[in-house]
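Here the working numbering is used: the first residue of the sequence shown is 5, the next is one more, and so on. Even glycine gets a Cβ: it sits at the ideal position worked out from N, Cα and C. None of these values were measured; they are calculated from a predicted model. Notes for the one structure printed next.
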Amino acid sequence: MSKIKFMAIGGQDERGKNLFVLEIGEELFILDAGVKYPDKGILGVDIVIPKLDYIIDNKKRVKGIFLTNSASYNMGAVPYILKHMDVPVYCNEITKLISSIKISRMRIKNNKDQNYKVVKDKDVLEAGNVKVEVFRTTSASPQSFGYAFHTEQGVVVYVGDYIIDGQEQSYFSTDFNHLSDIGKKGVLALIADSEYASRSGFTAPNHKIQDFISIPFKEKKTRIAIGIFEEDIFKLGEICKVAKENNRKIAVYGRLMAQVLKSNLISKNLNILPEDIISIEEYMKSDNGVLIISGTVDVLYSKLTKVATGNDDVVELTSKDLMILATPPAPGIEKKHAQILDELARTDARLIALSDRNIWTMHASYEDVKVLTSIVRPKYFIPVKSLFKDGLKAESAAIEAGVLPENIAVINNGQVLDLTRKVLTIEKKNVDFGNTYVDEIGIGDVGTIVLNERRQLATDGVIILGATIDSRNKELVSMIDTQMRGVVYIQEDNPIFKIIQKDIELSIQQGQSLFKENPKKYDLNEIKKEIVTKVRTSIKQESGKQPIVLCIINEFNGVNFVFKNKKNKV
5 MSKIKFMAIG
15 GQDERGKNLF
25 VLEIGEELFI
35 LDAGVKYPDK
45 GILGVDIVIP
55 KLDYIIDNKK
65 RVKGIFLTNS
75 ASYNMGAVPY
85 ILKHMDVPVY
95 CNEITKLISS
105 IKISRMRIKN
115 NKDQNYKVVK
125 DKDVLEAGNV
135 KVEVFRTTSA
145 SPQSFGYAFH
155 TEQGVVVYVG
165 DYIIDGQEQS
175 YFSTDFNHLS
185 DIGKKGVLAL
195 IADSEYASRS
205 GFTAPNHKIQ
215 DFISIPFKEK
225 KTRIAIGIFE
235 EDIFKLGEIC
245 KVAKENNRKI
255 AVYGRLMAQV
265 LKSNLISKNL
275 NILPEDIISI
285 EEYMKSDNGV
295 LIISGTVDVL
305 YSKLTKVATG
315 NDDVVELTSK
325 DLMILATPPA
335 PGIEKKHAQI
345 LDELARTDAR
355 LIALSDRNIW
365 TMHASYEDVK
375 VLTSIVRPKY
385 FIPVKSLFKD
395 GLKAESAAIE
405 AGVLPENIAV
415 INNGQVLDLT
425 RKVLTIEKKN
435 VDFGNTYVDE
445 IGIGDVGTIV
455 LNERRQLATD
465 GVIILGATID
475 SRNKELVSMI
485 DTQMRGVVYI
495 QEDNPIFKII
505 QKDIELSIQQ
515 GQSLFKENPK
525 KYDLNEIKKE
535 IVTKVRTSIK
545 QESGKQPIVL
555 CIINEFNGVN
565 FVFKNKKNKV
């Protein structure tokens with residue numbers, strides 16, 4: 005009988021960066037592979053992906069990547085995995101489309117678009133030696149999927165983002181009959197999203213914005229600009245529906261959302277015709293157009309800031325505009341969200357902001373977890389994609405649904421669960437996990453040293469020192485150039501300036517004396533290090549700051565410049 009293990013490489017006790025691995029026998033199955041956006045303190049980093057060492061080291065055992073929906077938190081890291089291995093990626097059609105758009109935008113080389121395999125509800129996949137059944141769920145992305153892995157010990161069910169909404173009949177609906185049928189086959193374990201399990205009640209219908217925007221949309225001679233995150237396609241559908249009911253044309257400020265709206269996958273379901281869509285310029289000339297402003301967290305807020313401060317090239321808010329911010333603040337960015345609202349309030353446009361008290365993100369709340377667990381009837385329950393406190397709430401919901409307390413495991417990243425018919429245990433040895441920082445230059449190039457330097461630049465600034473010496477006798481033959489950025493405002497009669505000049509002159513003179521005594525002992529790099537140390541010490545004593553110091557000393561032979569070891573950085 006094949007052994008079953010489950011481990012989290014990312015997504016536990018954090019928001020985003022979801023990546024889980026299910027091991028059945030000798031085969032590995034990757035469940036979602038997402039990114040998260042860096043905290044404000046991590047400077048110059050675009051996204052954070054999970055540390056992929058464990059997966060790469062075992063790439064011959066990986067039989068597939070199973071994506072639940074198109075959110076970056078669940079699928080953003082896939083291109084970085086495909087750089088190291090050639091495996092199928094199972095997903096729905098909209099996830100493949102959005103992935104292709106993002107990859108082209110990110111300019112990732114060696115993208116393996118052929119690896120993406122579009123699957124449909126009720127498909128049964130042959131992945132290695134395991135049969136995997138696809139079922140439909142409800143989330144912010146259409147046609148979201150969950151996966152049921154059929155093993156000798158029972159079915160292991162993985163459910164990503166989901167809510168329980170029995171009224172939904174669109175392409176966002178859950179197939180409850182299918183879920184019930186899977187439950188009847190004997191579910192060994194349910195691995196389910198518990199990110200918002202701390203919210204009491206059901207998420208539905210609190211996830212819908214239609215009731216909050218329908219009345220403003222009926223106003224005549226009023227343009228409406230509405231801001232949403234680019235991955236919230238459910239809200240896109242609600243906005244388009246209300247716009248069409250009120251004969252309003254739709255413009256989109258956001259490349260990904262614009263391409264998604266024009267795709268047959270979405271426009272056909274929303275009944276959007278080409279004549280329903282206008283350009284941003286046409287919106288600005290209209291009396292009652294609708295402008296959807298979209299982007300990731302940082303991009304959306306950046307766009308809204310530019311619009312609010314009058315620095316956007318195309319969009320300008322006037323007294324005839326109504327601005328609706330339909331996206332409540334994501335965890336950790338409440339301050340940024342409040343700042344944006346403050347800027348928007350300064351414009352001539354009216355402002356409506358939907359808060360998280362009115363609109364809930366499309367993740368399972370307490371009762372959603374309880375109902376799903378009741379439908380599937382698992383022996384074991386494993387909450388994922390959640391902070392630890394939310395995992396404990398999901399544990400309570402599962403117990404109310406009939407799961408025994410000893411059959412529930414709230415694990416951290418790196419921990420490995422052993423699942424058998426008799427017992428659920430956590431192994432003593434963890435797998436490798438962590439963060440990999442990605443910027444415009446590359447993947448993983450941003451290490452601790454680089455991050456510390458960036459923080460230092462942001463808080464204490466930089467000093468650039470320049471001088472020229474005669475290569476024949478090491479005598480100073482130029483003025484000493486001192487440039488400061490972010491340290492103190494400097495003038496030639498500033499005491500700090502004079503102290504720095506004296507430190508540099510003294511070090512060069514001492515080097516000149518050493519050169520006269522024994523040229524072989526002379527080392528220009530050592531002199532630069534000494535200058536850097538002296539300057540940093542002087543600056544700290546005078547200002548309390550510890551800036552990065554770059555020292556450039558050129559050697560001049562009387563005819564041409566000889567550049568040696570241009571920079572020395574401490």
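- Item | Pick from LEU194, GLU31, PRO333, PHE176 that is closest to GLY241, judged by C-alpha positions | The sequence position of residue 241 within the sequence shown is 237, counting from 1. Of the listed residues, the one whose Cα sits closest to GLY241 is PHE176.
- Exposed or buried, what is VAL427 when buried is set at 16 or more other beta-carbons lying within 10 Å of its beta-carbon? Within the sequence shown, residue 427 is the residue found at index 423, counting from 1. Around the C-beta of VAL427, fewer than 16 other C-beta atoms lie within 10 Å, and the residue is accordingly described as exposed.
- Message: Please state the DSSP three-state secondary structure of GLY231.
- Response: For this step, residue 231 is matched to residue 227 along the sequence shown. The answer is strand: DSSP assigns GLY231 an E or B state.
- Message: Excluding the 5 residues flanking GLU235 on each side, which residues of the same chain have their C-beta closer than 7 Å to its C-beta?
- Response: Position 231 of the sequence shown, counting from 1, holds the residue named residue 235. Excluding its 5 nearest sequence neighbours in each direction, GLU235 has C-beta neighbours in its own chain below 7 Å: SER74, ALA75, SER76, ALA144, SER145, listed in chain order.
- Query: If you count every other CB in all the chains shown that lies within 10 Å of the CB of ASP394, and 16 or more means buried, which is it?
  - Reply: Working through the sequence shown from its first residue, we reach residue 394 at position 390. Answer is buried; the Cβ neighbour count reaches 16.
- Between ALA413 and ALA193, what straight-line distance do the alpha-carbon atoms span, to the nearest angstrom? Start at 1 with the first residue of the sequence shown, and residue 413 comes out as number 409. Start at 1 with the first residue of the sequence shown, and residue 193 comes out as number 189. Looking at the backbone, the Cα of ALA413 and that of ALA193 are separated by about 11 Å.
- Query: Helix or strand or just coil, what does DSSP make of ASP236?
  - Reply: Looking up residue 236 in the sequence shown gives position 232. In the structure shown, the three-state DSSP call for ASP236 is coil.
- the segment 348 to 364 touching the segment 247 to 254, judged by at least three CB pairs closer than 8 Å: With the cut-off at 8 Å, the segment 348 to 364 and the segment 247 to 254 do not touch.
- From VAL466, ASN210, LYS520, THR322, residue whose alpha carbon lies closest to that of LYS544: Reading the sequence shown from its first residue, position 540 is the one you call residue 544. Check the Cα spacing between LYS544 and each of VAL466, ASN210, LYS520, THR322: the tightest is with VAL466.
- Message: What residue range does the alpha helix (DSSP H) around HIS182 cover?
- Response: Here residue 182 refers to the residue found at position 178 when the sequence shown is read from its first residue. 180 to 188 is the extent of the alpha helix (DSSP H) around HIS182.
- Query: Identify the residues that DSSP records as bridge partners of MET488: which are they?
  - Reply: Against the sequence shown, residue 488 aligns to sequence position 484. According to DSSP, which records beta bridges pairwise, MET488 is partnered with ILE467.
- Query: Whose C-alpha, out of ILE228, LYS222, ILE217, LYS224, is nearest the C-alpha of LYS239?
  - Reply: Your numbering for residue 239 matches position 235 in the sequence shown. It is ILE217 whose Cα lies nearest to the Cα of LYS239.
- What residue does the beta strand (DSSP E) around ASP422 start on, and which one ends it? The residue given as residue 422 occupies position 418 in the sequence shown. For ASP422, the enclosing beta strand (DSSP E) stretches over residues 420 to 423.
- Message: I'd like to check one pair, ALA208 with VAL373: are the Cβ atoms closer than 8 Å?
- Response: The count along the sequence shown starts at 1 and reaches residue 373 at position 369. The count along the sequence shown starts at 1 and reaches residue 208 at position 204. No, the Cβ-Cβ distance between VAL373 and ALA208 is not below 8 Å.
- Under 8 Å Cβ to Cβ from THR155, same chain only, skipping five residues before and after it: list those, please. Here the question's residue 155 lines up with position 151 in the sequence shown. So the list reads SER6, ILE8, ILE28, VAL134, LEU192, once near-sequence residues are dropped.
- Task: Within its chain, find whatever has a CB closer than 7 Å to the CB of ILE445; leave out the 5 residues flanking it on each side and keep chain order.
- Result: Locating residue 445 in the sequence shown gives position 441, counting from the first residue. In this prediction, ILE445 scores a pLDDT of 46, lower than 50, which makes its location untrustworthy; no coordinate-derived value is stated.
- Item | Cα-Cα separation, ASP485 to SER542 | To locate residue 485, count along the sequence shown from 1; it is residue 481. To locate residue 542, count along the sequence shown from 1; it is residue 538. Rounded to the nearest whole angstrom, the C-alpha separation of ASP485 and SER542 is 17 Å.
- Item | Beta-carbon proximity list for LYS538, same chain, < 6 Å, skipping 5 on both sides | The residue given as residue 538 occupies position 534 in the sequence shown. Within the same chain, LYS538 has close Cβ partners ASP507.
- Message: Mapping the DSSP letters down to three states, classify ASP317 as helix, strand or coil.
- Response: Numbered from its first residue, the sequence shown carries residue 317 at position 313. Looking at ASP317 - three-state DSSP - the assignment turns out to be coil, as it is neither helix nor strand.
- Query: Roughly how far, in whole angstroms, is the beta-carbon of PRO630 from the beta-carbon of GLU399, given that I think they are within contact range, below 8 Å?
  - Reply: As shown, the chain starts at 5 and ends at 574. That puts residue 630 outside it, with no answer to give.
- Query: Which residues in the same chain have their Cβ closer than 7 Å to the Cβ of GLY14, if we skip the five residues on either side of it in sequence?
  - Reply: Here residue 14 is taken as the residue at index 10 of the sequence shown, counted from 1. In the same chain as GLY14, and ignoring 5 residues on each side of it, the C-beta atoms closer than 7 Å to its own belong to LYS21, ASN22, LEU23, PRO54, ASN417, PHE437, in chain order.
- Query: Does DSSP put MET483 in a helix, a strand or coil?
  - Reply: Residue 483 sits at position 479 when you count from the first residue of the sequence shown. Coil at MET483, not helix or strand.
- Check each candidate in PHE385, ILE415, PHE392 and name the one with the smallest Cα separation from LEU408. Taking the first residue of the sequence shown as 1, we reach residue 408 at position 404. Of the candidates PHE385, ILE415, PHE392, the one whose C-alpha sits nearest the C-alpha of LEU408 is PHE385.
- Message: Mapping the DSSP letters down to three states, classify THR72 as helix, strand or coil.
- Response: Here residue 72 is taken as the residue at index 68 of the sequence shown, counted from 1. Here THR72 sits in coil by DSSP.
- Query: PHE437 by DSSP, collapsed to three states: which one?
  - Reply: In the sequence shown, the residue the question calls residue 437 occupies position 433. DSSP places PHE437 in the coil class of the three-state scheme, outside both helix and strand.
- Message: Taking its Cβ as the centre, do 16 or more other Cβ atoms sit within 10 Å of ALA349, making it buried, or is it exposed?
- Response: One-based indexing of the sequence shown puts residue 349 at position 345. Burial call: exposed.
- Query: Count the other CB atoms within 10 Å of the CB of ASN561; is the residue buried (16 or more) or exposed (fewer)?
  - Reply: Along the sequence shown, read from residue 1 onward, the residue named residue 561 stands at position 557. Answer is exposed; the Cβ neighbour count stays below 16.
- Query: In or out: ARG227 buried (at least 16 other Cβ within 10 Å) or exposed?
  - Reply: Counting from 1 along the sequence shown, the entry for residue 227 is found at position 223. Its Cβ being crowded by 16 or more others within 10 Å, ARG227 is buried.
- Item | Span of the alpha helix (DSSP H) around THR351 | The residue you call residue 351 lines up with position 347 of the sequence shown. Premise fails: THR351 is in no alpha helix (DSSP H) and is neither H nor E.
- Continuous beta strand (DSSP E) stretch holding GLU279: start and end: By 1-based counting over the sequence shown, the position of residue 279 is 275. From DSSP, GLU279 is part of no beta strand (DSSP E); its letter is neither H nor E.
- Item | Own chain partners of ILE105 with C-beta closer than 6 Å, once the 5 adjacent residues on each side are dropped | Counted from its first residue, the sequence shown places residue 105 at position 101. These residues qualify, in order along the chain: LEU260, GLN263.
- Task: Go to TYR384, then tell me how far its beta strand (DSSP E) extends in each direction, as first and last residue.
- Result: As a first step, residue 384 must be located in the sequence shown, where it is residue number 380. Start and end: 384 to 388.
- Item | PHE153 to ASP291 span [Cα, whole Å] | Against the sequence shown, residue 153 aligns to sequence position 149. Against the sequence shown, residue 291 aligns to sequence position 287. Cα to Cα, the separation comes out at about 54 Å.
- Message: Taking 7 Å as the limit between beta carbons, can you name the residues of its chain near ILE557, skipping five residues before and five after?
- Response: The count along the sequence shown starts at 1 and reaches residue 557 at position 553. In chain order, ALA471, ILE473, LEU528, LYS532 place their CB closer than 7 Å to the CB of ILE557, counting only its own chain and leaving out the 5 sequence neighbours on each side.
- Item | Residue closest to ILE284, alpha-carbon to alpha-carbon, out of ASP317, GLU509, LYS502 | Position 280 of the sequence shown, counting from 1, holds the residue named residue 284. Measuring from the Cα of ILE284, the nearest candidate turns out to be ASP317.
- What does a CB cutoff of less than 7 Å around THR99 pick up in its chain, not counting 5 residues either side in sequence? Translated into the one-based positions of the sequence shown, residue 99 becomes position 95. Excluding positions up to five away in sequence, the list reads LEU71, ASN73, SER74, MET79.
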